[in-house]
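What follows is a short report on a single structure.
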Amino acid sequence: MRLAAAVLLALAALAGCGGDDEPSPEEAVRAAVQRFGDATAKKDYREICDQLLSSRLVERVEGVGLPCEQALQRGLGDVKNPRIRIGDIGVQGGRALVSVRSTADNQPPSDDAVELVREGGEWKIASLAAPDEGGGAATTTTPQATTTEPTPDHDDR
């Protein structure tokens, strides 16, 4: 009887440890960058400012003297058919660096690095940088320099 109870307890414990639905840090970072891409393509500057940018980057964007949404609209409003292709993702603790290739109609492609930080349990865009000649990040810019592409399963609801 004791053995049966022990086996049942062990099986119950194993069942409770099954399939962890939480994404890996790399998957969560990829999803955050893709959300940024989707929101940029939709020109949803409110989502970008309120949900996707780190608080520090919002402060920097607003440093131009405009609210975040208006600053992004001014910088991204004329970008047509923006797309991104997500490349390598590196995660170290609460920081991540993602290489992206950005394209848009009538603009040359751009290879960039997107830095993310963990903020409030979520991955947030902290900065955008163009890689230098050696492949490292050389300059940091605000989101006005980025173009994006919506995911194929995009839902406009």
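Per our numbering: the sequence shown = residues -9 to 147. Don't be surprised by glycine CBs; every beta carbon is placed ideally from N, CA and C. Small disclaimer: the values here were computed from a predicted structure and weren't measured.
In the DSSP assignment, find the alpha helix (DSSP H) that holds residue i and state where it starts and stops.
i   : result
P15 : 15 to 32
G65 : 58 to 66
Rounded to whole angstroms, what is the Cα-Cα separation between residue i and residue j?
i    : j    : result
S14  : A22  : 12 Å
D78  : K32  : 24 Å
V69  : Q97  : 9 Å
L87  : L47  : 15 Å
L66  : G83  : 31 Å
G80  : W113 : 13 Å
E12  : A18  : 9 Å
E109 : D95  : 33 Å
Q63  : Y35  : 7 Å
R20  : C58  : 23 Å
D40  : S89  : 23 Å
S117 : Q60  : 18 Å
Q24  : T30  : 10 Å
A26  : E16  : Note on residue identity: the sequence assigns Phe, not Ala, to residue 26. For F26 and E16, the distance between alpha carbons rounds to 15 Å.
Residue range of the beta strand (DSSP E) that residue i falls in?
i   : result
V54 : No beta strand (DSSP E) contains V54, which DSSP labels as neither H nor E.
G77 : 73 to 82
P90 : Position check: residue 90 holds Val in this sequence, whereas Pro was assumed. Per DSSP, V90 belongs to the beta strand (DSSP E) from 85 to 94.
State the DSSP-derived secondary structure class of residue i, mapped to helix, strand or coil.
i    : result
D40  : helix
V107 : strand
E49  : helix
Rounded to whole angstroms, how far is the Cβ of residue i from the Cβ of residue j, which I believe are closer than 8 Å?
i   : j    : result
G92 : I74  : First, the amino acid is wrong: residue 92 is Ser here, not Gly. Right, the Cβ-Cβ distance comes to about 5 Å (below 8 Å), so this counts as a contact.
L56 : I115 : Actually they do not touch by this definition, with Cβ atoms about 18 Å apart.
- Item | Given 8 Å, three or more beta-carbon pairs between the region 49 to 65 and the region 86 to 106 | no
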